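The next block holds one structure in the form of structure tokens; read it before the comments.
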Amino acid sequence: MVAGCGGSDSSPTIKSVEFKELSLPSTDAEITAMRVSPALVVTYSDGSVKEYPLYYQEVAKSGDNIGGSIFGQILDMNGNPFAVLAYSKDSISFNPDTNSILKAGDKYYLITHFEEPSGMLYQTEIDPATLKAKSTKPINFSSVLGTIINCAGHRTPYGTHLGGEEDYNLNSIYADKSSPYYVDCEIGSDGYYTGNNKDGKGDYFCQYVGSVQRYLGDKNINKDNGYLGDKFNLYNYGYIVEVNIKPDGSSEVAKHYVTGKYTPEMALMMPDNKTLYMTDDGDYKGFYKLVLNQPQTSFNKNWCGTLYAVKLTQKDKANGGVFDISWIKLGEGCDSEIKTIIDKKTVLSDIFQLGDPKSCNTSAGFKLIKEDGLDECIKLRTGSDRSSKFASDDEVKKAAAFLEPRKYAAYLGATVEFDKGEGMTYDPDNRKIYLAISSIRNGMTDTSGDIQLDANACGGVYALDLDANYNAASMKGLVLGKPLKAGEQYADKYACSPDGISNPDNLRYIGRDILIIGEDTSRHLNNMVWAYNLKTGKLTRIATLPTGAESTGMFEVANINGNFVIAFNAQHPFVDKMYNASGQVVNQTYLDANKDKRKGIVGFLRGIPAGIFFDR
């Protein structure tokens, strides 16, 4: 046996990587532009240093005609454009959200969410040589009766796309006439819901119903019976959807009811292809884990698994808090089983008896819970109280677990106190999940329950430790924003320090101990993107977006024919008002002057060589 022959590879290895800091925008041109770090600096083991210039390549804007299709146009189930009743308020959405880059055959496709009621996903073919858009088309969701508020997403380990239906306002508590929070929506002379309540005032629940109604063309929605229609049923929305692109470029979709209905920002699938984590956006929300019965290796329309809700035990409140994690089982089921329950035209009061939260009779078995910012008095309808729609108590519990998982989680004592759980990403180097909490307030600061923290309007990013089975066992604050007070440096233009994060949203671990953090904030003059070094704790500003825009796109990382890209978007530029520490609007002049530039921007950060970061 001969060893050591032929010498060894003496090529220098990468010692460290660092983005050059991007300055704060100061001129009108900088405040209204998409700007990125000038360079990535790579230091090698032999002491040499190389700089790679960076730039942002725009791929598409809302309303672009790409190969005969209009990028971001909202269409009904028959392919006709229509104006939604919320957000963009016309048939062209300026709200591009998450991206996934999928390869099918020898072609590359960019899957882009549009965050509208009803929602749309677009499939854009990318030229592998130029990385420009060749063609685009909407993905057909008519087989699952459409989709809604498509927010964040994630590419699965086996190459499909998962996206969240963040249906903030289709909470069943507004639809059931036995609920104290019932909303009576106005119907127009044409048979469509107008988006107003019966008093003629705009209401998001009514806008959501009206927009999905227009997608479906369903005029027979009965507001006296849970807003059930011929096609419309609010229990059809609020899940994780999956998209698969076939080698011929066609797509197929699934709606995974087993993930549970709430306000899912996104689902993150672990490398075992069976454990998923789901965030729940808004006030007094939960955090969920789904363990599938079998690992998934390809697109499958019928997932089966067990859904859990988190239970936190707080150990410390410093720096965003330290928590132990346990999990409360909600239920077991399959997509097909849950869809059968939905198709029975189940309503909330079939699952729970609803009482008056102001005088909740807990001695009679009712429980007073808080979810979605509402006090609710509920009692599971089992035994002699069971609805005729259910054949057994087990079926009632299955309906509660998957159609009302947040209510049922609170009912069972899980932690339903999170405020705006947003993006997540997995770090295989340190075996952690990173979770963005946009703002630490409300249920996290109300001095009761499982989470009792000091308020931080700027939010923070948390690290969750995973065991060998990808089970999250603990959670602690990683990096927090810093609120400003009037008179402090920067407070005239910012409510949160521009030297740190504000209302974190999109996250992506790209390797080399670098976590990318994007903002969805009204407390910075411009939303920013950051590179956070997990070893050194250094936070580096690497992008600023046009004022009024949110950073979206989930920083999808991919190698397209040897070209490394980090995808991210500017959602609704020149729309959001930004505030300083005194609560004054600081960008109104720019919003007024750029009303014709409100088109969402989708593009790639380019210039980084392949092989430095993860390039799946």
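Using this note's numbering, read the sequence shown as starting at -19 and increasing by one per residue.
A virtual CB, placed ideally from N, CA and C, is assigned to each residue, including glycine.
The model shown is predicted, which means the values in this text are computed figures rather than measured ones.
Cα atoms of T127 and R421: separation of roughly 30 Å, rounded to the nearest angstrom.
The residue from P(-8), G139, L248, N574 with its alpha-carbon nearest to that of I413 is L248.
In this structure the region 432 to 443 does not touch the region 525 to 538; the number of beta carbon pairs closer than 8 Å is below three.
Shown here for A471: same chain residues with a beta carbon closer than 8 Å to its own, the five before and five after excluded, namely L464, K465, N560, A561, S562 in chain order. With distances taken between CA atoms, S368 lies nearest to K325 out of K456, P337, K325.
For N45, the number of other beta carbons within 10 angstroms of its own is below 16, and it is reported as exposed.
The DSSP-derived three-state label of L415 is strand. Per the C-alpha coordinates, the member of L328, S329, L20, Q294 positioned closest to S454 is Q294.
Shown here, E95 sits in coil according to DSSP, grouped into three states, outside any helix or strand. Looking at the DSSP output, F544 bridges to N539. Following the DSSP letters along the chain, one finds E351 inside the beta strand (DSSP E) bounded by residues 347 to 351. Going by C-alpha positions, I119 is about 13 Å away from E105.
In the structure shown, the three-state DSSP call for I431 is coil. In this structure E499 is not in contact with P478, their Cβ atoms being roughly 11 Å apart against a cut-off of 8 Å. If you check the CB distance, V396 and Y242 do not come in under 7 Å.
Distance from the CA atom of Y237 to the CA atom of E38, rounded to whole angstroms, is 35 Å.
Note that the C-beta distance between K579 and F62 is not below 7 Å.
Annotated three-state conformation of C357 is strand, per DSSP. If the five residues before and after S98 are omitted, its C-beta is found closer than 6 Å to the C-beta atoms of G126, I128, S191, V192, Y195, all from its own chain and listed in chain order. The beta carbon of N253 is closer than 7 Å to those of P137, Y138, P275, Q276, T277 in its chain, skipping five residues each way along the sequence. Taking 7 Å as the cut-off, the beta carbon of G311 is found no closer than this to the beta carbon of A289.
Under a 10 Å Cβ-count criterion, Y188 is classified as buried, with 16 or more other Cβ atoms of the shown protein chains found around its own Cβ. Within the model, the alpha-carbon separation for S482 versus T12 is close to 19 Å.
Assigned with DSSP and collapsed to three states, M424 falls in helix. Residue nearest to S80 within the set T92, D86, I72 is T92 (criterion: CA-CA distance). Here D107 carries a coil assignment [DSSP, helix/strand/coil]. Taking the Cα of F398 as reference, the smallest distance to any Cα among S158, R386, L334, A371 is reached at R386. Under the rule that a run must span 3 or more residues, the beta strand (DSSP E) segments found entirely inside the region 118 to 185 read 130 to 135, 141 to 145, 165 to 167, 173 to 177. Take the alpha-carbon of K178 and the one of P76: they are about 32 Å apart. A direct Cα-to-Cα measurement between N273 and L287 gives close to 11 Å. In this chain, L272 is not harboured by any alpha helix (DSSP H); it is covered by the beta strand (DSSP E) spanning 267 to 272. The C-beta of A448 has fewer than 16 other C-beta atoms within 10 Å across all chains shown, which makes the residue exposed. Taken through DSSP and simplified to helix, strand or coil, V16 comes out as strand.
A direct Cα-to-Cα measurement between T342 and I358 gives close to 9 Å. Sequence-distant Cβ neighbours of Y161 in its own chain, meaning closer than 7 Å and more than five residues away, are I153, Y154, L354. In summary, Q568 is exposed, with fewer than 16 beta-carbon neighbours lying within 10 Å of its beta-carbon over all protein chains present.
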